[in-house]
Every structure is written in C-alpha cells, then in structure tokens.
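Undergrad: As given, the protein sequences belong to chains A and B, one line each in that order. The first sequence: position 113 = 113 (the UniProt record's numbering), numbered continuously. The second sequence: position 20 = 20 (the UniProt record's numbering), numbered continuously. Ideal placement from N, C-alpha and C gives every residue a C-beta, glycine not left out.
There are 2 protein chains.
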Amino acid sequence: MSDAPSIPMSATLAADEALDRRRRAGEQVLPMAGGEIGLPVLPELRRRLAAAADANAYGPVPGSQALRASAAGYWERRGLATDPGLVVAGPGSKPLLFALLLAVGGDVVVPVPSWVSYAAQARLVGARPVPVPIAAGQGGVPDPERLRAAVTAARAAGRDPRCVVVTLPDNPTGTVASPGTVRRLAALARELDLVIVSDEIYCDLVYDTSVPAESPARHAPERTVVTTGLTKNLAVGGWRTGVARLPDSGIGRALHGRLVSVASQIWSSPPAPVQAAAAYAFGEPPEVTERVAASRRLHEIVVRAVAGRLTAAGARVAPVRATCYLYPDFGPLRDHLARAHGVHGGEDLVRFLGERHGVGVLPAGAFGELGDPLRIRVATSRLYGEDDERRTAALTAPDPLELPWIRRYLEQFDTALADLTGARVLRA
Amino acid sequence: MSDAPSIPMSATLAADEALDRRRRAGEQVLPMAGGEIGLPVLPELRRRLAAAADANAYGPVPGSQALRASAAGYWERRGLATDPGLVVAGPGSKPLLFALLLAVGGDVVVPVPSWVSYAAQARLVGARPVPVPIAAGQGGVPDPERLRAAVTAARAAGRDPRCVVVTLPDNPTGTVASPGTVRRLAALARELDLVIVSDEIYCDLVYDTSVPAESPARHAPERTVVTTGLTKNLAVGGWRTGVARLPDSGIGRALHGRLVSVASQIWSSPPAPVQAAAAYAFGEPPEVTERVAASRRLHEIVVRAVAGRLTAAGARVAPVRATCYLYPDFGPLRDHLARAHGVHGGEDLVRFLGERHGVGVLPAGAFGELGDPLRIRVATSRLYGEDDERRTAALTAPDPLELPWIRRYLEQFDTALADLTGARVLRA
C-alpha cells in the first residue's frame with residue numbers, strides 16, 4: 001500500500017511561481033530562487049523543433065535511435081565510450097532520476113546539501129533518503145568516510161541503501177568535487193555495492209574548461225549511471241528532455257531493462273518533436289558549442305559579480321567553479337543579523353530578502369540541511385533580462401555587467417545586502 | 001523502502017516495437033497490438049507547435065493559464081463546469097494517472113479487463129490493485145455489486161482501497177458502460193468513500209454522438225477526477241500531452257495540491273511548445289472538430305469491418321460503440337483451435353497470429369485477465385496506411401475500405417483468421 005502523507009512542492013518551482021506572481025503585480029523582483037536559465041533558444045535548435053512538428057508517433061520508449069546515438073557521441077567526446085543501446089532518453093532528467101530510483105529500488109544516499117528533488121523523489125517511491133554531508137568545497141559528493149559509516153549504520157538498522165546520488169558539478173554550492181573525492185566515492189560505492197547515479201547536467205558549465213568535472217563513471221564504470229539534459233546548456237528546461245547513460249555491465253543491463261519498463265509505464269516516450277531537436281543538439285555542431293561557451297562565459301561573469309558582493313558584505317562563499325549557483329553562509333554575521341533584524345536562519349533570510357527587497361532566494365533547508373542554518377542558495381541565471389532581445393544582448397556584450405538591466409538587478413541586490421548587513425551600498 | 005522486483009514493460013509499447021523491428025526487416029506486418037492512432041498531425045496544430053518553438057521556460061507546474069482555461073472550456077462544452085484552477089496538465093495522461101495514484105495513496109480498484117498500465121502503475125507506487133470484473137458489455141466500469149464485495153473484503157483483510165479507476169469509453173472492449181452502470185458506480189464510490197479516476201481519453205470517439213458516454217463526474221462530482229488528452233482525438237501520442245480535471249470540492253482541492261506537488265517532483269511541467277498547441281486544440285475551432293469527426297468516422301468504418309470478419313469467423317464480439325478496439329472471445333472455437341493448432345489461450349493466439357501471419361495483437365492477460373482466456377485485443381488504428389499521404393487519403397476517402405493498402409491489410413487479416421479457424425477466406 002502506498003501512502004504519501006506529505007509531498008512537498010518543488011521548492012525551486014514554488015518560489016519561482018510566487019515571484020512571478022509578484023512581478024506580474026508590478027513589483028520589481030529579482031528572481032534568484034529557481035535555476036531556470038533565462039536565455040533564448042538557439043535559432044537553429046528552434047528550427048529543428050519546428051521542422052519536427054509532424055513527428056507524432058510514440059517511437060521507442062527509450063527515445064529514437066538518432067537521439068540515443070547522438071547522446072552516445074556526446075559522452076564519447078568526454079571520454080566515456082557509450083553504447084547507444086544503453087542510453088535512455090526521457091522527458092527531462094528529473095523523470096529519469098525518479099525512474100532510476102524506482103528501477104534500483106531500496107533506499108538512497110543523498111548528499112547534504114543537494115538538489116531539492118532527490119530526497120523528495122526518494123520519499124515518493126517509498127524509499128528513505130540516507131543523508132550524508134559533503135566535505136567543504138566538495139559539493140555534490142557525500143564525504144566518503146561519512147558515507148561508509150552512514151551506509152553501515154543504515155544496514156545495521158535493517159534499511160537497504162542501494163544507490164548514492166551525486167551532482168557533478170554541484171547544485172547548490174557551485175563547486176566541483178575534486179578527482180580524489182570522486183575516486184574515493186567510486187571505490188567506496190564498489191566496496192558497499194551501491195549504484196552511483198551521477199547527475200552531470202552542469203558538466204559543460206565548469207568555467208575553466210581545462211579542468212573538467214571528473215565523472216565517477218571513469219572509476220566505477222560498472223555501476224555508474226550518468227544523467228544529463230539540455231536544460232542548463234541550451235536553456236530549454238521547458239522543452240523537457242534528458243538522457244541517461246547506463247553502465248555497460250551486468251548491473252547496467254539489468255538496470256536498463258527495469259528503467260525502460262518503468263518509463264513505459266509512466267511516460268511512454270519523450271516528446272517526439274523535442275527528440276529531433278535534442279538529437280541535433282547532442283551532436284554539438286559549432287553553433288551549439290559556441291552558444292554553450294557564450295552562456296558559460298555569461299554565467300561566470302554574473303555569478304562572480306554576485307559572489308564578490310556577498311563576500312564583501314561579510315558572507316562566506318566557497319570559490320565558485322561552475323553552474324550559476326552560490327551557497328553563501330551568513331554565519332559570520334550571525335550576531336548582527338539577529339540583533340538588527342531578528343534574522344536567525346535561512347528561512348528568516350529568505351523572508352527578509354523577499355518581503356523587504358523582492359529578492360527571491362532559497363533557504364539551505366530546501367537542500368536538505370537540518371536546523372535551518374544561516375545560509376541561502378542564490379541562482380544568478382535569470383538576471384540576463386526579461387525578454388529575448390535583452391538576453392541575446394547579454395550573451396554577446398563585451399561587459400554584460402554594464403548592461404543597464406543587469407546593472408539594475410545588481411543594484412537591487414546591493415541594496416538588499418546593504419540593508420541586511422548594515423553596510424554602505426557598494427557601487428561598482 | 002521501495003522494492004519493485006518485477007516491473008513489466010508496457011505490453012502495447014513492447015508489442016509495437018517488436019512488430020516495428022519485423023517490419024523494418026522487410027516483413028509485411030499488420031500492426032494491431034498498440035492503440036497508436038496512425039493519422040497525420042492536423043496542419044494547423046503542427047503550425048501551432050512550430051510557432052511555439054521559442055517557448056523554453058518551465059512555466060507553471062500544472063500548465064499554462066491558456067491551456068488550463070482551454071481545457072476547462074472543453075469540459076464545459078460537455079456539461080462539466082470546470083475551474084481552470086483545478087485543471088492539471090501533464091506530459092501525457094499516462095503520467096497524470098500515475099501521479100494521481102501517488103497523490104490519492106492507498107490501493108486501487110481496477111476493472112478487469114482494463115488498460116495495461118493501471119495495474120502496473122499501481123504496483124510501481126507500492127499499491128496493490130484490487131481487480132473487479134466488469135459486467136458483460138459494460139467495459140471499463142467494475143461491476144458495481146462485485147465492487148462492493150471486493151472493497152469490503154479488501155478492507156476486512158487490512159488493505160486500504162481509496163480509489164477506483166474507470167475507462168469511459170472502454171479500452172480494451174470498445175464498449176461504453178451504460179448510464180445506469182455509471183450511476184450505480186458513482187453511488188457506490190460515495191458509499192465506500194472511493195475517489196473515482198475516470199479515464200475519458202476516448203470520449204470523443206463514441207460513434208453515435210447522440211449517445212455520449214456518461215461521466216461519473218455528473219453523479220459523484222465531489223470525488224471524480226477526469227483525465228483526457230489529445231493522443232486519441234488528434235493522433236499526437238508522441239507529443240505527450242494530457243489534462244486532468246479535479247473535483248471542485250474539499251476532496252478535489254486537497255488532491256489538487258498533492259497532484260501538483262507530485263508533478264513538480266517528477267516532471268516539472270508539460271513540454272512548453274506542446275502546451276501552446278494543446279491550448280489551441282482544446283479550444284475546438286472548426287478544423288479541429290472536423291478532423292475529430294473525420295477520424296471517428298474512419299475508426300468506425302474500419303473497426304466494424306474487422307468486427308464483422310471476427311464474427312463471421314466464429315468469435316464472440318460485443319457490439320463495438322467507440323474507440324478502435326475489439327476484444328473478441330474465441331471461446332466458441334475452443335475445440336477446433338486446440339485440435340488444429342494447439343492453441344489454448346490468448347498467449348497461443350498471439351503467437352499463432354504473430355509468427356505465422358505477422359499480425360500483432362495482445363492477449364487478454366495483458367489486460368489483467370487471469371487464466372489466459374482465449375481472447376485477444378485487436379486495435380485497428382494503424383491500418384490507415386504507412387505514410388501521411390495514404391493516411392490523409394484514408395481520412396477523406398468515400399469508402400476507406402476500398403483503398404488498396406487498407407484492403408491489403410484486411411486481406412492479410414482474413415488470411416490469418418481463415419488459417420486459424422479453418423474457414424475459407426472471405427473476400428468482401
């Protein structure tokens with residue numbers, strides 16, 4: 001019997017919707033809660049979707065041959081040889097992650113902090129998340145030593161952890177776990193017989209492309225499932241497309257069969273016109289790689305500008321290496337925030353910034369942190385403008401920070417931070 | 001802890017894929033297993049999708065305001081006043097049904113026979129289906145008297161049935177439960193405190209439009225969720241779009257909140273370009289209603305032609321009133337089939353027709369029938385031709401049965417039936 005007494009709404013989507021309502025009501029809001037990428041669709045990608053509007057058949061459950069072959073090539077160019085027969089496409093990497101949890105079964109180890117939906121999805125399928133903290137600066141990967149202890153304790157208590165989810169690069173911290181951490185995680189997963197589900201949707205958004213994130217699929221190839229999508233690279237979250245790469249092993253082939261069965265019962269197949277566009281995009285023709293490079297540059301410039309402001313205001317921020325996320329810790333300002341504003345935790349921070357300044361952010365608690373720490377996640381991917389014209393200008397501007405609409409957003413952020421910390425407003 | 005030791009692949013999708021492989025290998029196959037509608041996309045619908053190719057934002061989890069308002073209008077024109085705020089759109093009605101089972105919780109009453117995925121979805125969420133047979137000719141609705149006994153027994157055994165799924169009109173039988181049966185079902189659901197999930201995806205494919213299927217939402221409005229989509233009406237199964245109408249009641253509003261939360265954690269939002277096209281389609285401009293009428297006519301002509309052949313061959317077939325499905329019972333030919341071919345049940349029938357004649361059908365067991373009865377489900381919706389040109393011709397032909405490709409399909413069916421039953425091949 002299933003029972004889901006408490007199903008939380010996705011915190012990112014809920015916060016975005018609430019903020020959009022305020023914006024429509026005429027408020028000047030600063031949307032830094034959800035990680036939607038506020039950039040236009042690449043014109044050729046748009047044309048591919050439009051040209052495939054006559055594609056109305058379901059096609060194969062795991063996606064078309066063309067899409068799977070294209071995704072396999074994408075991974076091969078990143079050093080992961082891939083059998084298209086072990087690729088499964090779905091309507092987003094989120095449903096693929098959900099279906100993977102069902103297909104693996106058992107309980108799920110999740111890093112703390114981690115993306116809002118891993119633990120919620122685990123609970124939806126009747127599993128219990130086994131939370132394991134990350135080590136500082138090693139976002140997305142449970143601290144390997146604590147992982148061993150947590151899994152051993154869970155098993156001793158009669159629970160059945162069978163997989164560990166990792167995020168490389170990481171949401172919410174914007175960091176990338178080191179190759180050493182990934183290697184230790186992979187070795188431990190093998191020792192503990194855990195499947196690794198490696199969410200690599202941000203893998204092309206590491207700023208220094210000479211130091212890519214290392215996939216655990218290199219070190220535990222027999223047990224690592226890799227997922228990605230076009231949501232972050234090409235800003236088509238609303239199209240709903242993702243792909244999973246299953247291990248070429250006994251574990252992988254068994255899991256593939258179960259995943260395809262689950263997919264057949266939940267969503268049938270990914271949207272056919274989107275598949276055609278995705279097959280093109282994963283082929284990475286020059287205009288696609290150029291667009292990804294341009295957006296990566298824009299993300300880096302804006303996220304660093306915001307990181308600098310947070311640091312200047314006295315918050316602790318890990319050096320951001322990827323994504324569009326920051327995870328500032330306001331602990332150093334604890335006394336001032338309590339005294340001046342009655343702000344004691346992340347929830348208070350969110351309320352203060354939202355209600356007084358229209359700045360939408362998420363509390364650390366949304367990422368699985370207990371005890372409501374004085375931290376928030378700040379997403380910078382919607383500061384590029386409110387329409388396609390401005391967003392296109394942001395992609396190509398020599399200095400995006402000088403664009404008036406981005407400057408206004410940053411000034412709003414400055415004002416909010418200054419009010420929060422009691423500092424003078426910094427004008428760059 | 002979740003555990004799903006046996007997850008069956010969707011029987012319809014699996015059979016379709018197997019048949020497609022044989023077709024690509026050069027065999028002349030007759031695809032009557034899955035219910036995909038083999039018709040082209042309506043040109044204006046295709047244009048709407050293409051024009052929305054720049055829609056890349058997630059938008060609201062339950063779908064855009066425009067889509068929900070349009071779906072509400074669709075239901076209002078069918079006598080069901082609908083609050084757009086209680087409409088939830090998803091990437092297909094299949095994921096909506098899955099999410100509804102999670103949102104309601106508990107065990108699920110399913111009719112026998114019924115669509116392949118209800119029981120499979122229930123098992124995926126850790127629920128146990130409570131199977132209840134239909135009364136003859138009342139497909140899609142559990143026989144109300146047996147429903148009471150089954151729910152009472154299940155509760156006495158400590159189980160927790162909380163909802164009943166019905167299909168109006170019905171897949172696999174092609175029948176439509178009578179208003180009397182629907183009324184009794186609604187009264188019993190109220191008495192037993194069950195939510196009714198009414199899958200009405202075939203509601204516009206009742207041949208005699210003066211006698212529409214009656215929705216239980218008329219009789220138990222406070223507890224009936226209605227789902228539908230564009231897959232059957234407009235042949236866009238591969239686009240993945242569906243809508244659910246939740247009751248305007250305390251039950252409905254609570255369920256709506258849970259459904260949206262589940263949706264936010266599994267699929268985020270329906271594909272945005274598809275939403276734009278769906279908003280147009282649910283508005284039912286003249287070209288849409290004309291297309292639905294033309295395809296309904298075509299379905300009726302072809303399904304009746306196949307029904308006539310089955311009856312002439314000695315199978316029992318309930319009078320088909322809707323959909324593109326037949327559910328013939330070969331019981332009257334039991335002795336002959338056993339003696340002549342060693343065919344004893346639906347599985348044997350499927351093997352015989354598939355291996356000897358390239359005719360793909362599904363066994364009754366795929367629809368939840370126990371004991372492998374001597375029945376199959378026959379879908380006629382892919383007999384209209386293999387390309388858009390032929391399919392368009394089929395839609396407008398004065399006598400579609402005279403089109404050479406449809407005639408060839410029917411001859412292949414005749415040959416298979418004649419071989420099976422030992423009769424002469426009937427040439428119309």
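#1: Just the C-alpha distance for B:P8 and A:C203, rounded to the nearest angstrom, thanks.
#2: Which residues does DSSP pair with B:R316 in a beta bridge?
#3: Check whether the region 405-420 of chain B touches the region 298-306 of chain B, counting contact only when three or more Cβ pairs, one atom from each stretch, lie closer than 8 angstroms.
#4: Tell me the rounded alpha-carbon separation between B:V151 and B:R159.
#5: When you compare the CB of A:W239 with every CB in chain B, is at least one pair closer than 9 angstroms?
#6: So with CB distances below 8 angstroms, who are the chain B contacts of A:A120?
#7: Can you check which of these residues, B:G92, B:A89, B:A69, B:P91, is closest to B:T82 by C-alpha distance?
#8: Is the Cβ of B:V41 closer than 9 angstroms to any Cβ of chain A?
#9: Of all Cβ atoms in chain A, is any one closer than 9 angstroms to the Cβ of B:A4?
#10: Alpha carbon to alpha carbon, how far is B:P131 from B:D143? Give it in angstroms, no decimals.
#11: Leaving out five residues on either side along the sequence, give the residues of the same chain with a beta carbon under 8 angstroms from the beta carbon of A:T175.
#12: Which residues does DSSP list as the beta-bridge partners of B:T167?
#13: Using a 10 Å radius around the Cβ and a threshold of 16 neighbouring Cβ atoms, would you call A:L39 buried or exposed?
#14: DSSP state of A:M1, grouped into three classes?
#15: Which first and last residues belong to the beta strand (DSSP E) in which B:I376 is found?
#16: For B:P238, which of B:D414, B:L49, B:V206, B:P62 has the nearest alpha-carbon?
#17: Do A:R162 and A:V211 have their beta-carbon atoms positioned less than 9 angstroms apart in this structure?
#18: Ordered along the chain, which non-local residues of its own chain (more than five positions away) have a Cβ less than 6 angstroms from that of A:A307?
#19: Give a yes or no on whether 9 angstroms exceeds the smallest Cβ distance from B:G385 to chain A.
#20: Determine the direct distance from the alpha carbon of A:A397 to that of A:G354, and round the result to whole angstroms.
#21: Name the DSSP beta bridge partners of A:D204, please?
#22: In or out: A:E290 buried (at least 16 other Cβ within 10 Å) or exposed?
#23: In angstroms, rounded to a whole number, what distance separates the CA positions of B:D3 and A:D414?
#24: Please go through the same chain and pick out, in chain order, the residues whose beta-carbon is closer than 6 angstroms to the beta-carbon of A:E27, but skip the five residues on each side of it.
#25: Out of curiosity, what's the CA-to-CA distance linking A:R77 and A:F282?
#26: Could you confirm whether any beta carbon from chain A is found closer than 9 angstroms to the beta carbon of B:V303?
#27: Look at B:N233 and B:V292 and say whether their C-beta atoms are less than 9 angstroms apart.
#28: Output, in chain order, the set of chain B residues within a Cβ distance shorter than 8 angstroms of residue 445 of chain A.
#29: May I ask you to list, following chain order, the residues of the region 182-210 of chain A that have a beta carbon less than 8 angstroms from some beta carbon of chain B?
#30: Could you give the uninterrupted runs of the beta strand (DSSP E) lying entirely in the region 102-179 of chain A, keeping only those of 3 residues or more?
#31: Can you find a CB in chain B that lies within less than 9 angstroms of the CB of A:R291?
#32: In angstroms, rounded to a whole number, what distance separates the CA positions of B:R253 and B:V87?
#33: Distance cutoff 9 angstroms, beta carbons only. Does A:G139 sit that close to anything in chain B?
#34: Please state whether DSSP places A:L362 in a helix, a strand or coil.
#35: Helix, strand or coil for A:L30 per DSSP?
#36: Express the C-alpha separation of A:Y280 and A:A235 in angstroms, rounding to a whole number.
TA: Put simply:
#1: Going from the Cα of B:P8 to the Cα of A:C203 covers about 33 angstroms.
#2: Partner(s): B:D329.
#3: Contact holds: three or more Cβ-Cβ distances are below 8 angstroms.
#4: Roughly 9 angstroms between the two C-alpha positions.
#5: yes
#6: Q265
#7: Closest by alpha carbon: B:A69.
#8: yes
#9: At B:A4 the pLDDT is 48, less than 50, meaning the model places this residue with poor confidence and gives no usable figure here.
#10: 11 angstroms
#11: G137, Q138, G139, G140, P169, A318, P319, V320, R321, A322
#12: B:D199
#13: buried
#14: For A:M1, the predicted structure reports a pLDDT of 38, less than 50, and the residue's modelled location is therefore unreliable. The matter cannot be settled from this model.
#15: 376-379
#16: The sequence as given places Gly at residue 238 of chain B; Pro does not occur at that position. Nearest of B:D414, B:L49, B:V206, B:P62 to B:G238, Cα basis: B:L49.
#17: no
#18: Contacts found: V317, V320, L326.
#19: With its beta carbon at least 9 angstroms from every one in chain A, B:G385 lies outside the interface.
#20: Each residue's Cα considered, the two are about 29 angstroms apart.
#21: In the DSSP output, where bridge partners are listed per residue, A:D204 has none listed.
#22: exposed
#23: Interpretation of B:D3 is limited by its pLDDT of 49, a score under 50 that renders its predicted location unreliable; the figure taken from the coordinates is listed afterwards. Cα to Cα, B:D3 sits roughly 50 angstroms from A:D414.
#24: G358
#25: 11 angstroms
#26: no
#27: Yes, these two residues count as a Cβ contact at 9 angstroms.
#28: This structure cannot settle anything about residue 445 of chain A, because the visible part of chain A is limited to 1 through 428.
#29: Within the region 182-210 of chain A, no residue has a Cβ that lies closer than 8 angstroms to any Cβ of chain B.
#30: Contiguous beta strand (DSSP E) elements confined to the region 102-179 of chain A occur at 107-112, 129-133, 161-167, taking only those with 3 or more residues.
#31: It does not: the Cβ of A:R291 has no partner Cβ on chain B nearer than 9 angstroms.
#32: Per the coordinates, the alpha-carbon of B:R253 lies some 11 angstroms from the alpha-carbon of B:V87.
#33: no
#34: strand
#35: Residue state, collapsed to three classes: strand.
#36: 15 angstroms
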